[in-house]
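Residue numbers (the numbering used here): 110 to 663.
Just below is one structure, and these are the notes that go with it.
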């Protein structure tokens, strides 16, 4: 898939476009709110220490609530979670606007700000888990992550600039009020998104085709992908630690190292936004690769080089270039990491794993903002920045080794499983999901004349034909012989219709020769198809349209 084709596909995905558009508006509103909040706290307290304490306190809800938020994202409707958090934050913003307008107590303002952050901690895991279910083709996951990061960084550039103008023209309450409106916009967009369809529960398999207990477990275990996930977590922790420190060191670089004054801090932060935007856009092409190790390492190297340039800079122009290169690399790492994460982590566990990784990332960011400035005071800013760059590259090398086969072709134990993985109808699925399904295939030997299932039976399994011939028939009516529909042979499949629709079997399938099937438990098949994906529609289209030799039934 080319870059242009991928983005054309994204633009044609109306639910995803509406969601990203709403989040872009909300992102600008968030920056209006953050700038206004910091101004209010500083004006009311005239205390830099309190300002820093409020900033640090806003991190605590993410550390304490991200794991429960992830569990909620896996147990409840993610769209509903997002709507509730947006509406709640909108109400809080209205309350903040009123408190600022009437010169309410600072304690109440800070308390409401922390409450808003508590709701925000539930938003990210739910959003990160929802986006993969909205893409129409799994190959669009990378470009979707790239598009979202691009809009997020564009909001980072636009938001503070607009905040300064609006606060000057309309006052501080206007910033809070506009953020409330932005939350309302996103809540309306979320209301229009398609609801996640409930998955029908798998029923016990017929006695003629016994299903091993281990094959019927619908929830994948963490151990099945923990090794690869640890590679992502390692890099995320190191990069978050470094960027947490960089946020504080930026002031030291601008004032003490470069001697360019406090205004240079704004220029360096602007360079972060520009570099991040370029990195997010560029990563859209990089994530279309089947192997993501190269762009992952390239992003880490760019981040390391940028930090080294920043550390060695003695003039502002060179420091701006280094900061932009570092931000470019960090965004490439972020987009590629998100894409690998979505390939590796099953949908059923995605929310809670996101909650854990968000907790670790935020904790590392907070630790970096405290530790690295202290180390810089004991050594030098240059040595800390250069050392941080080396640490990021080393972590990326180790993380890539831990990722192993993430993004590569799946490997399965059964000799016939690679043919199942190669089915054209499964094209575009992430390799890790195919690998998981292939590992769950159960071989089933059948004899000529044996009935696999009958019309009216409960749908419980999907079947891939390794060898043999199978007749599909339909009851024609009272007293009449069954009507022959089709003959299926090797590399054909059947049993998907009942699983996708939640209805009883629509036909009878029996073996006309001795043969061998690979059976996939119903819950595992629905996990392979994925909620809200286009794959289910493709299966149903095969059933509704003209007969194809490999099309399924029942």
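Ideal Cβ positions, reconstructed from N, Cα and C, are used throughout, including at glycine.
Quick one: what's residue i bridged to in DSSP?
i           : result
residue 235 : BP columns for residue 235 are empty, so no partner.
residue 628 : 551, 572
Starting from residue i, follow the alpha helix (DSSP H) in both directions and report where the run begins and ends.
i           : result
residue 431 : 425-453
residue 76  : Any question about residue 76 goes unanswered here, given that the chain covers just 110 to 663.
residue 139 : 123-154
residue 170 : 169-184
residue 187 : 187-210
residue 607 : 605-610
DSSP three-state call for residue i: helix, strand or coil?
i           : result
residue 303 : coil
residue 619 : strand
residue 369 : coil
residue 408 : helix
residue 263 : helix
residue 357 : helix
residue 230 : helix
residue 241 : helix
residue 525 : coil
residue 637 : helix
residue 291 : helix
residue 280 : coil
residue 349 : helix
residue 422 : coil
residue 213 : coil
residue 461 : helix
residue 252 : helix
residue 119 : helix
residue 613 : coil
residue 338 : helix
residue 401 : coil
Just mark residue i as buried or exposed, buried being the case when its beta carbon has 16 or more other beta carbons within 10 Å.
i           : result
residue 403 : exposed
residue 565 : exposed
residue 252 : buried
residue 201 : buried
residue 521 : Residue placement at residue 521 cannot be trusted, given a pLDDT of 46 that sits under 50; what the coordinates show is reported in the next sentence. Flag for residue 521 reads buried.
residue 445 : buried
residue 451 : buried
residue 207 : exposed
residue 303 : exposed
residue 212 : exposed
residue 231 : buried
residue 314 : Model confidence at residue 314 stands at a pLDDT of 40, short of 50, so the residue's coordinates are unreliable and nothing is read from them.
residue 424 : exposed
residue 297 : exposed
residue 170 : buried
residue 258 : buried
residue 300 : exposed
residue 549 : buried
residue 365 : exposed
residue 590 : exposed
residue 274 : exposed
residue 593 : exposed
residue 486 : exposed
residue 459 : buried
residue 110 : Note that residue 110 has pLDDT 49, beneath the 50 cutoff, so the model's placement of it is unreliable and the number below is only indicative. Residue 110 should be labelled exposed.
Say the cut is 7 Å; is the CB of residue i nearer than that to a heavy atom of the ligand NAD?
i           : result
residue 167 : As far as ligands go, the structure on display features none, and thus does not contain the ligand NAD.
* **Continuous alpha helix (DSSP H) assignments of at least 4 residues falling wholly in the segment 528-602** => 540-548
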